[in-house]
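Participant: This is the structure, below, for whatever I ask next.
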């Protein structure tokens with residue numbers, strides 16, 4: 003492989019890893035988890051903690067924490083490499099369905115949290131005097147509830163549940 007091709011593949015891989023970190027962070031999972039997941043996904047064969055740490059310039063401890071979390075949710079798995087005592091990882095055989103289920107579970111959790119926030123706001127308003135501000139807030143909370151119900155009906159649609167396992 004020539005130097006220009008190597009530089010191009012290295013840039014592409016770096017871009018994908020950085021982007022996965024940003025997406026993971028946006029989902030509330032943390033940047034490192036996304037970067038580690040992408041590094042494992044984009045590595046041909048199994049990756050050790052040392053391999054991942056070197057690639058991402060992260061400590062072995064940070065990589066170890068991230069791999070445990072990723073292993074726990076089922077997107078990566080430990081693999082055995084003959085005549086080596088290190089722990090190696092590769093992506094799950096069912097990565098797409100695992101990610102889909104994970105994202106839907108995360109959305110359901112966020113919807114539950116949103117419901118609790120709206121309920122608490124409604125409880126706070128119940129004891130307050132009738133003002134224009136209270137009327138406005140009740141209206142806005144009502145609008146938020148409608149949005150919440152629409153998203154909830156999509157996420158909890160029986161067809162979506164069937165597809166996501």
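Numbering (the numbering used here), first residue to last: 3 to 167. Backbone N, C-alpha and C define an ideal beta-carbon position, used for all residues, glycine too. Note that the structure is predicted; figures quoted are calculated from it, not measured.
#1: Rounded to whole angstroms, what's the CA-CA distance from residue 144 to residue 54? Just pull it up for me.
#2: Grab the span of the beta strand (DSSP E) containing residue 93 for me, first residue to last.
#3: May I have the straight-line CA-CA distance separating residue 27 from residue 130, to the nearest angstrom?
#4: Could you say which of 57, 63, 39 lies nearest to residue 72 if we only look at CA atoms?
#5: Taking contact to mean 3 or more Cβ pairs, one atom from each stretch, closer than 8 Å, check whether the segment 151–163 and the segment 102–111 are in contact.
#6: Over what stretch of residues does the beta strand (DSSP E) that includes residue 79 continue unbroken?
#7: Indicate whether the contact test is met: 3 or more Cβ pairs, each with one atom in the segment 95–102 and one in the segment 131–141, closer than 8 Å.
Facilitator: Taking the structure as given:
#1: Sequence index remark: in the chain shown, residue 144 carries index 142 (1-based). Sequence index remark: in the chain shown, residue 54 carries index 52 (1-based). Rounded to the nearest angstrom, the two C-alpha atoms are 47 Å apart.
#2: The residue you call residue 93 lines up with position 91 of the chain shown. For residue 93, the enclosing beta strand (DSSP E) starts and ends at 90–93.
#3: Within the chain shown, numbered from 1, the residue matching residue 27 stands at position 25. Within the chain shown, numbered from 1, the residue matching residue 130 stands at position 128. Using only the alpha carbons, I get a separation of about 38 Å.
#4: As a working mapping, residue 72 is identified with position 70 in the chain shown. Considering only alpha carbons, the answer is 39.
#5: A contact exists between the segment 151–163 and the segment 102–111.
#6: In the chain shown, counting from the first residue as 1, residue 79 sits at position 77. Element bounds for residue 79: 78–81.
#7: No, the segment 95–102 does not touch the segment 131–141.
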